[in-house]
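Enquirer:
Here you go:
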């Protein structure tokens with residue numbers, strides 16, 4: 001796979017208090033991924049982009065929220081997130097800027 005394809009699968013890391021706790025406790029990292037990406041695609045993309053060994057990938061489909069904006073109801077888009085568990089002793093610096 002080329003880099004453009006890899007970056008289209010892995011959209012962005014999700015950084016929050018919950019994801020920071022997951023990184024410390026179980027060496028899991030959370031990424032926003034393409035809605036049509038499979039677990040195998042996500043595993044290959046993370047391994048190639050960050051040069052790490054992935055043990056497991058869990059995927060969650062997140063439903064978009066309904067929100068009011070200027071007396072109109074709108075809806076945020078649905079998206080997908082992946083919980084990626086890395087092998088023992090490996091890590092990814094998700095906060096680093098390129």
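Residue numbers (the working numbering): 1 to 98.
Cβ coordinates follow ideal geometry from the N, Cα and C atoms, glycine included.
On the three-pair Cβ rule with 8 Å, is the stretch 77 to 89 touching the stretch 34 to 54?
Expert: Because the criterion of three Cβ pairs below 8 Å is met, the stretch 77 to 89 and the stretch 34 to 54 touch.
Enquirer: Could you tell me the boundaries of the beta strand (DSSP E) in which residue 67 lies?
Expert: 66 to 69 is the span of the beta strand (DSSP E), which, as asked, contains residue 67.
Enquirer: Assess contact between the stretch 13 to 21 and the stretch 30 to 37, defined as three or more Cβ pairs (one per stretch) separated by less than 8 Å. Is contact present?
Expert: Yes: the two stretches touch, three or more of their Cβ pairs being nearer than 8 Å.
Enquirer: Identify, in the order they occur along the chain, each residue of the same chain with its Cβ nearer than 6 Å to the Cβ of residue 49, setting aside the five sequence neighbours on each side.
Expert: Closer than 6 Å at Cβ, skipping near neighbours: 6.
Enquirer: I need the boundaries of the beta strand (DSSP E) containing residue 56, first residue and last residue.
Expert: 54 to 62 is the span of the beta strand (DSSP E), which, as asked, contains residue 56.
Enquirer: At 3 residues or longer, and completely inside the stretch 11 to 53: list those beta strand (DSSP E) runs for me, N to C.
Expert: As far as the stretch 11 to 53 is concerned, its whole beta strand (DSSP E) runs of at least 3 residues are 28 to 33.
Enquirer: Relative to the alpha-carbon of residue 77, which residue among 69, 89, 64, 18 has its alpha-carbon at the smallest distance?
Expert: Nearest C-alpha to residue 77: 64.
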